[in-house]
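The opening residue of the sequence shown carries number 702 in my numbering; numbering runs sequentially from there.
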Amino acid sequence: MSYLKIKAALETHLQVFGADNIVFGSVKHTLKNGQSYLAPTFIPGKVKTVLLGPKMPKERTGFFQINVHEISDHAGITKVDALCAHFEQGQLLNFDGLDVHLGKTELKTDKSNLNHTNIPMTIAWRSYF
């Protein structure tokens, strides 16, 4: 399976973005109170047959969600704008020979409280294997 390659391509591209703190779910972390960070989540989606035959590649789609945690709305929206430019629709990522096509980017409702913002941003992706 190549879901690991898709995840690696997306996470590597996020690391190239240059954020100070990226919190991956599989790594133990301790953040200071009020510290900004990005929390990515890989979400596999539907599988579709595009060519007939038992060994033909299938189209696989899904989402890469990045929760943007910042200390203010302005800082959160500024970071989201920069991430949207970095994960541009139509961009092609590659990891270990597997291509990942980026689709549209959407924002969900801000889950903030009085101390910080939490803006979920989803990036659609598709790949064939």
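A virtual CB, placed ideally from N, CA and C, is assigned to each residue, including glycine.
From what residue to what residue does the beta strand (DSSP E) around residue i run?
i	result
Asp811	That residue, Asp811, is in no beta strand (DSSP E); it is neither H nor E in DSSP.
Thr762	Lys759 to Glu771
Gly746	Tyr738 to Thr750
Phe796	Leu793 to Phe796
If we count the other Cβ atoms within 10 Å of its Cβ and call it buried at 16 or more, is residue i buried or exposed?
i	result
Lys747	exposed
Lys840	Because residue 840 is not part of the residues shown, which for the chain are 702 to 830, the question remains open.
His730	exposed
Gly754	exposed
Val728	exposed
Gly777	buried
Gly763	buried
Thr713	exposed
Could you check how far apart the C-beta atoms of residue i and residue j are, in whole angstroms? I think they sit under 8 Å.
i	j	result
Leu711	Asn722	At roughly 18 Å, the Cβ-Cβ gap does not stay under 8 Å, so Leu711 and Asn722 are not in contact.
Asp800	Ser828	6 Å
Tyr704	Pro741	Their Cβ separation, rounded to whole angstroms, is 15 Å, which puts Tyr704 and Pro741 out of contact at 8 Å.
Which residues bound the alpha helix (DSSP H) around residue i?
i	result
Phe725	Counting along the chain, Phe725 falls outside any alpha helix (DSSP H), and DSSP gives it neither H nor E.
Thr713	Tyr704 to Phe718
Val781	Asp774 to His787
Determine the DSSP secondary structure at residue i, reduced to helix, strand or coil.
i	result
Thr823	strand
Gly804	strand
Leu799	strand
Thr731	coil
Compare the Cα-Cα distances from residue i to each of the options and report the closest residue.
i	options	result
Val717	Phe764, Ala783 and Gly798	Ala783
Ser737	Phe725, Leu705 and Glu771	Glu771
Gly726	Glu807, Gly735 and Lys708	Lys708
Met822	Met757, Val751, Ala786 and Leu794	Ala786
Ser813	Gly735, Gly719 and Val724	Gly735
Leu808	Val769, Gly719 and Val751	Val769
Ile824	Thr810, Glu789 and His817	Glu789
Thr818	Leu794, Asn795, Phe830 and Asp774	Asp774
Is any heavy atom of the ligand ADP found at a distance shorter than 7 Å from the C-beta of residue i?
i	result
Glu789	As far as ligands go, the structure on display features none, and thus does not contain the ligand ADP.
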